[in-house]
Each structure stands twice: as C-alpha cells, then as structure tokens.
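When we follow the working numbering, the leftmost residue of the first sequence carries the number 1, and every step to the right adds one.
To start, the structure itself, in structure tokens.
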Amino acid sequence: MLKLRGILNQRLLEAMAKALPLPQAVDPLLRPATKPEFGDFQANGAMGLAKVLDSPPRQIAQAVVDHLQVDDLCCPPQVAGPGFINLTIRPEVLAAEVQGRLKQPRLGVPMAEPRQRVVVDFSSPNIAKEMHVGHLRSTIIGDCIARVLSFRGHQVLRLNHLGDWGTQFGMLIAHLKNVAPQTLAGQENLDLGDLVEFYRQAKGCFDEDEVFQERSRREVVQLQAGAPESLRAWGLLCQRSRQAFQAIYDRLDVQLLERGESFYNGALPGVVEALEQAQLLVTDDGARCVFLQGITGKDGRPLPLIVQKRDGGYNYATTDLAAIRQRLTSPEAGGEGAERVIYVTDAGQSDHFAAVFQVAQRAGWVPPGCRLQHVPFGLVQGADGKKLKTRSGATVRLRDLLDEAVERARHDLVERLAQEQRQVTGEFIESVATAVGMAAVKYADLSQNRTTNYQFSFDRMLSLQGNTAPYLLYVYVRIQGIARKGGPLETPGPAAIYLNDPQELHLARQLLHFDEVILELEKDLLPNRLCTYLFGLSQSFNRFYDQLPVLKAPTQLRSTRIALCRLTAETLGLGLDLLGIKTIDRM
RNA sequence: GGGCAUGUAGCUCAGCUGGAUAGAGCGUCAGAUUCCGGUUCUGAAAGCCGAGGGUUCGAGUCCUUCCAUGCCCGCCA
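Here you go:
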C-alpha cells in the first residue's frame with residue numbers, strides 16, 4: 001500500500017491547495033484507517049485547520065473532498081465524525097495490486113535509497129562463560145535487525161563484540177598454568193572439560209587466595225605485553241569457547257563475524273592520545289577520564305567516563321571508543337565506513353552507551369549524517385517475574401534452554417501423531433521438533449516489545465493457539481497442504497483476480513500492508529510490529545479459509561482464492577525469514 | 001540520592017508520527033463444522049489505560065507532580 005498511499009497523499013495535497021485559502025501546503029495527515037469500517041485510509045488534517053481557517057472542521061473536510069480526484073482509485077470519499085476523510089480503495093484496484101505482488105519476490109518492499117553501510121553489534125558473549133538468556137535476546141533481535149536491513153539493500157556488517165580480553169584472563173591463565181601446565185608447552189591438547197566449571201574454579205581461587213590474586217594481576221600485565229606463553233594460553237581458552245558459541249549459532253542459524261575486544265587492543269593508547277589532543281581528558285584521582293556533560297553523579301558533579309585506570313590499564317569504555325573510531329572511519333583509512341552503528345544490548349547499559357556516544361561526539365569522531373544507536377532490550381524473567389534462573393538458582397544455560405524447547409516440541413508432536421494415527425519417520429519428527437522448538441523460542445522473544453522485560457514460558461511459546469510460532473507455521477503448512485492436493489499454486493493469468501467476498505477483500509488488504517510494516521521495522525527496529533502483522537495475517541487467512549472453499553470453489557473464483565493462498569504463503573515465508581525463522585511444509 | 005525504563009482485562013501483552021465506541025492472545029462461559037490438515041472458526045463476560053494536575057477541537061499517547069516496580073550509577077563488562 002506504500003505506492004497507493006503516496007499517490008493519495010499527493011492528491012490530497014492538491015485538493016487542499018485548491019479548496020483552502022492556505023499560504024503553504026499543510027500535511028493532510030493521511031493514516032491507515034483505525035477500523036475496517038472506515039475504509040483503508042483516513043485523512044485527519046481538516047480538524048487541525050479549524051482554528052486557523054475559523055470554520056467548522058467538517059466543512060473544511062467537505063471542501064477538500066469536493067476538490068479531491070481519486071475516483072480512479074477509491075470509492076467516493078466520506079466525511080465522518082468531527083472531520084475525518086475516509087478513503088476506501090476500490091476492489092479492482094486492490095486486485096491489481098495483489099496481481100502485481102505475485103510476480104515480485106520482494107512483495108512490494110522497495111530497495112532503500114540511499115543504501116547505507118550499517119554495523120550491527122550483537123550477541124557478544126564472554127569467553128569462558130556460558131551463553132545465557134541475555135545473549136539469546138541480543139542474538140535473536142540483532143539477527144532480525146540485520147536481516148531486515150540487508151533485505152532493504154543496506155550493506156550490513158554483523159559483528160560479534162566478544163568479551164575476549166580484559167582482567168578476567170589473568171585469573172584464567174593463572175589457573176590454567178596450575179592445572180594444565182603441559183598444554184602450554186604444546187605437549188598436549190587442551191581438555192578443560194566444562195569451561196564454565198573451569199571459570200568457576202578460577203574465580204574461587206581468585207576470591208580466596210591472595211597469592212593467586214597477585215599472580216593473576218601479573219598474568220594480565222604479561223598478556224597485555226604480549227608474552228608468547230600468555231598469548232598461547234589465551235588463544236587456547238578462546239578457541240574452546242569459540243567452538244561452544246559456534247554450536248549455538250549454528251542451531252540458531254545466525255551468522256556473525258567475530259571481532260572481539262582484543263581486536264581493538266592496539267588502538268587503545270591512540271584513543272587516550274586523541275582525547276588528550278581534543279582537550280577532553282582530565283586526570284582525576286590517578287585515573288584518566290572525560291567528564292560528561294549533563295550526566296551527574298550522587299554529589300551533583302559531572303560523572304567521569306574513565307578511559308585509563310590508575311594502574312595504566314584500559315577498560316571497556318576505551319575499547320568501545322576504539323571500536324567506534326574503527327567503525328566510523330572511512331574504508332580508505334582502514335575503517336568500516338559505517339553510517340549507522342547499532343548496538344543490541346540490554347537496557348542496563350543505556351547509561352554506558354550514552355556516555356560513550358557523547359564522548360565520541362565531542363571528540364569529533366562522528367561524521368555528519370552518521371548515527372550511533374543503542375537498541376536496548378529488557379530482562380528475561382521467569383514465571384515468578386524475577387530474573388530467569390534454574391531451580392537451584394543458577395543462570396539458565398542457553399543450550400539447555402534450546403534443548404528443552406526442542407524436547408517439548410517433540411513430545412507434543414509425537415503425542416499428536418499418535419492421536420491422529422499418522423505414520424512418519426524418525427527423521428521427520430526430528431526435523432519438525434527442531435524447527436518448531438527454535439521457531440517458538442525466537443518468535444516468543446521477537447513478538448514482545450523489546451524495550452520491556454519479557455516473561456519466559458515454554459508453555460506459552462509452544463502453544464498451538466494464540467500469537468505463537470506454531471500457530472503461524474501451521475498456516476503456512478496448511479497452504480502447502482493445499483498445494484500438495486491441488487497442484488502448484490500457479491500464477492493466474494492477467495485479470496484473473498476478482499475480489500468479491502468480504503473475507504477475500506479483508507485478506508487481500510492485509511497482504512498489501514506488508515511493505516509498510518517492513519519500512520516501519522527498518523525505522524523503529526521493533527520486530528514485534530512484524531510479528532503482530534504476521535499474526536493478524538494468519539488470523540485473516542484462517543477466517544478466509546474457514547468460510548470459503550478454495551480447491552472446491554467454482555472455476556471463476558478458484559484462481560482468485562488460490563492466488564490469495566499463494567501470496568499469503570509467500571508473505572508469511574518472507575516475514576518469518578526476516579525474523580530468522582524457518583518455515584516447514586508439514587508438521 | 002541521581003539517571004533510565006515500565007505501570008493498560010484474572011494472566012501475558014499490543015497500541016507507530018496525538019484521532020472516531022481502548023485492542024489481541026491465554027484462561028472462563030456459550031456456540032459452529034458440506035472440514036481443501038479443527039493445531040480451526042463465531043460469540044459473550046471482563047477496563048477509573050497507576051493517581052492528580054496541565055496543554056487542545058481531541059490524550060492510553062505530549063508536559064508536570066506524586067505513587068509503585070525493575071535496571072543502572074568512577075577505575076568489572
């Protein structure tokens with residue numbers, strides 16, 4: 001409907017110019033109708049002009065309608081309520097739009113103009129730690145955003161800002177030298193078993209043993225100085241973690257380019273120097289920091305952003321600033337040349353990013369027209385409304401969570417197969433359970449407004465009813481069933497589509513909104529809007545399918561309905577794909 | 001103490017740049033079925049949109065003051 005909306009907006013502008021004594025053009029405030037009975041669009045502009053023109057809003061609206069020429073597209077416009085202008089697209093125009101969509105794989109979504117270079121920074125787990133639900137949200141949401149921006153034609157770089165550097169490596173290396181010295185000499189392959197358990201042990205030593213603490217600090221210094229043995233130990237730890245992470249990314253079907261904190265190590269001194277030159281740097285209590293504007297602490301004084309600690313070490317703010325420079329620097333100068341950088345992290349880091357962005361701005365590292373954007377999300381909570389934990393109080397491991405989703409999906413599937421007495425292969429059960437389980441986890445996350453906390457529930461996400469992945473997947477499967485039974489849902493010839501029945505019209509209208517939804521998603525980065533849309537589309541389809549025969553319809557109606565089925569499947573397929581969810585043909 | 005976010009039906013949540021009588025799912029209750037996969041569809045009950053004040057033709061949405069909850073707050077990331 002993007003195209004039609006643009007045309008109608010133009011016609012309204014023209015009509016207003018003719019009808020009203022206005023010095024300059026005024027926005028007609030064209031919006032999608034709030035209710036089906038109001039038609040497709042409503043123009044709200046008349047009401048705001050009542051005061052300016054000193055006449056009743058309905059009269060203004062009527063004057064605009066009198067000059068409005070839209071008979072080629074719309075039924076006669078109606079003035080309603082306090083002064084709305086309601087516009088209803090004619091069925092044959094809708095039919096032509098549907099026809100047009102059938103021929104294009106982009107389903108009406110235009111390529112972005114201009115195309116941008118975009119960095120999406122997401123997922124970002126820490127080496128030697130287990131991925132948990134916080135990483136899940138970042139990974140799923142970040143992946144969706146990257147997919148949508150790529151689809152729009154932007155050049156997207158998906159970066160995994162891995163926590164692969166920093167003080168925690170001191171204790172890890174120290175512990176490694178204690179328990180497996182031979183691996184460091186290259187004599188044995190590293191087998192640390194559960195890396196998380198290893199981390200816990202190291203942390204235990206660090207907390208209890210002062211001698212160990214001191215050794216850990218020395219290890220950090222050695223590592224940062226590039227001592228070969230330390231680097232080797234570090235490399236071994238990273239490699240182990242990397243394998244574990246990759247297994248998760250493979251299951252989730254998420255592509256990421258690893259670019260951990262260590263990547264920016266060499267650039268850290270340069271960050272401090274540049275800030276010094278920009279005269280932003282202040283030494284306070286031995287630490288080198290930039291005092292922030294408009295952000296004050298407990299005592300009302302400006303808060304500092306520390307970029308070099310008293311002991312000379314750098315911290316995450318320094319790394320983030322180095323990353324910003326790298327990402328915003330032009331490709332000719334060895335950078336990424338990004339015009340938009342998106343950070344998908346939990347909302348708890350909002351202050352941190354506000355501070356870092358401010359400093360980057362003041363240092364002059366953000367070229368005009370470039371945008372740094374923190375895309376925050378809320379906590380994952382359990383049924384009790386508190387941060388999600390296992391019964392024993394530990395963090396929930398991501399792989400356990402995914403396992404359980406698939407296991408529950410398999411259980412439901414097997415039960416249903418038995419009820420329906422269907423015979424299928426083990427392979428089928430496996431692939432459906434995996435697809436449904438992953439889809440459920442992703443969709444549950446994405447269908448929630450990301451800014452709020454999100455209550456995790458296997459029962460809800462795997463439910464076959466309601467706004468869930470299984471409900472949407474089922475609609476897709478149903479349509480594939482029609483195709484299996486009735487032959488391929490071939491494109492009807494020209495002028496073969498006639499929209500008549502209310503259910504047909506309603507479904508067609510819904511289908512045509514897809515382009516607007518995607519553009520909105522690109523702007524607001526709120527995947528739940530797409531989910532809401534796909535759910536509504538699925539409901540419309542089920543209503544349509546419930547009330548109207550497709551394959552058994554008379555010939556002249558059949559091709560229209562098959563076309564609607566096909567476009568529904570394509571829209572669902574593309575929509576789910578942009579969410580990072582795979583469709584299946586049977587379930 | 002300061003900052004940010006959230007508060008909408010019994011529960012989980014939508015509500016985009018302010019628009020017409022505040023929406024959906026689950027749950028509850030009552031129905032439908034010539035069924036192309038009923039994992040469906042129809043209907044009903046259910047609300048002081050946290051509270052007060054303001055802005056205007058019009059406020060769940062914007063401003064302001066409270067209240068409640070969550071997260072964050074100088075050398076961890």
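Here a beta-carbon is modelled for each residue, glycine too, at the ideal position from N, C-alpha and C.
inquiry  = I believe Gln510 touches Leu530 by the beta-carbon criterion, under 8 Å. Please report the beta-carbon distance rounded to the nearest angstrom.
reply    = No, Gln510 and Leu530 are not in contact; Cβ-Cβ is about 13 Å, not under 8 Å.
ask   = Based on the DSSP output, what are the partners of Gly163 in its beta bridges?
value = Note: Gly163 sits in a beta bridge opposite Asn126.
task = Mind reading off the beta-carbon distance from Asn449 to Asn542? Whole number of angstroms is fine, and I expect it under 8 Å.
result = Not quite, the Cβ-Cβ distance comes to about 25 Å (not below 8 Å), so this is no contact.
query = Residues in its own chain within less than 8 Å of Val405 by CB, not counting five upstream and five downstream?
reply = It is Ala, not Val, that sits at residue 405 in the sequence shown. Closer than 8 Å at Cβ, skipping near neighbours: Gly437, Met438, Ala440, Val441, Phe458, Met461 and Leu462.
query = For Gly294, which three-state DSSP category applies?
reply = DSSP places Gly294 in strand when its eight states are reduced to three.
query = Can you name, in chain order, every residue of its own chain whose Cβ lies under 7 Å from the Cβ of Gln611, other than the five neighbours on each side?
reply = Here the chain comprises residues numbered 1 to 587, so residue 611 is not present and cannot be evaluated.
query = Is DSSP giving Asn542 helix, strand or coil here?
reply = In this structure, Asn542 counts as helix in the three-state DSSP scheme.
query = By Cβ distance, which residues of its chain are closer than 7 Å to Trp234, with the 5 residues on each side in sequence left out?
reply = Phe169, Ile173 and Leu223.
key: Between the CA atoms of Leu579 and Pro269 - distance to the nearest angstrom   = Straight-line measurement puts the Cα of Leu579 at about 40 Å from the Cα of Pro269.
request  = Express the C-alpha separation of Pro470 and Val517 in angstroms, rounding to a whole number.
outcome  = The straight-line gap from Cα to Cα measures roughly 21 Å.
task = Helix, strand or coil for Cys75, going by three-state DSSP, please let me know.
result = The answer is coil: DSSP assigns Cys75 none of H, G, I, E or B.
query = Are the segment 110-125 and the segment 72-89 touching, with three or more C-beta to C-beta distances below 8 Å?
reply = Verdict: no, contact absent.
query = Taking the alpha-carbon positions, what's the Phe212 to Arg218 distance?
reply = Going by C-alpha positions, Phe212 is about 10 Å away from Arg218.
Rounded C-alpha distance that separates Leu68 from Lys18 = Straight-line Cα distance between these residues: approximately 9 Å.
key: CA nearest to the CA of Asp121, picked from Gly393, Thr451 and Pro376   = Considering only alpha carbons, the answer is Pro376.
request  = Check the C-beta distance from Val432 over to Met587 and give it rounded, since I have them as a contact under 8 Å.
outcome  = Sure, about 5 Å apart at Cβ, within 8 Å.
query = Going straight from the alpha carbon of Val597 to that of Ile584, what length do you get?
reply = Outside the displayed span of the chain (1 to 587) sits residue 597, for which this structure offers no information.
Contact belief for Cys370 with Leu328 at Cβ below 8 Å, rounded distance in angstroms = Beta-carbon to beta-carbon, Cys370 and Leu328 are separated by about 6 Å, close enough to satisfy the 8 Å threshold.
query = With 16 as the cutoff for other CB atoms within 10 Å, does Ala202 come out buried or exposed?
reply = A residue is called buried once 16 or more other Cβ atoms fall within 10 Å of its Cβ, and Ala202 is buried on that count.
key: Of the residues Leu507, Tyr316, Asp194 and Pro28, the one placed nearest His161, counting alpha carbons only   = The shortest C-alpha separation from His161 is found at Tyr316.
task = Please classify Glu37: does DSSP put it in a helix, a strand, or coil?
result = Shown here, Glu37 sits in a helix according to DSSP, grouped into three states.
task = Alpha carbon to alpha carbon, how far is Ala267 from Ile324? Give it in angstroms, no decimals.
result = Computed Cα separation, rounded: 11 Å.
request  = Have a look at His119 and Leu512 and give me their C-alpha separation to the nearest angstrom.
outcome  = The sequence shown places Val at residue 119, not His. So the alpha carbons of these two residues sit roughly 30 Å apart.
query = Is Val414 buried or exposed, if buried means 16 or more other CB atoms sit within 10 Å of its CB?
reply = Counting other Cβ atoms within 10 Å of its Cβ, Val414 stays below 16 and is therefore classed as exposed.
task = Return the CA-CA distance between His175 and Cys238, expressed in angstroms with no decimal places.
result = Cα to Cα, the separation comes out at about 15 Å.
key: For Ala287, three-class secondary structure by DSSP   = In the structure shown, Ala287 sits in a strand (DSSP, three-state: E or B).
request  = Pull up the DSSP beta-bridge partners for Lys387, would you.
outcome  = In the DSSP output, where bridge partners are listed per residue, Lys387 has Gln381.
ask   = When you compare only the Cα positions, how much space is there between Ile342 and Leu136?
value = C-alpha separation (whole angstroms): 17 Å.
message = Measuring only the C-alpha atoms, how far is Ile140 from Asp445?
response = Spanning the two alpha carbons is a distance of roughly 8 Å.
query = Which of the three DSSP states, helix, strand or coil, is assigned to His372?
reply = One detail in the question is off: residue 372 reads as Leu in this sequence, not His. In this structure, Leu372 counts as strand in the three-state DSSP scheme.
ask   = Which residue's Cα is closest to the Cα of Tyr199: Lys523, Gly134, Val179 and Glu210?
value = Nearest C-alpha to Tyr199: Val179.
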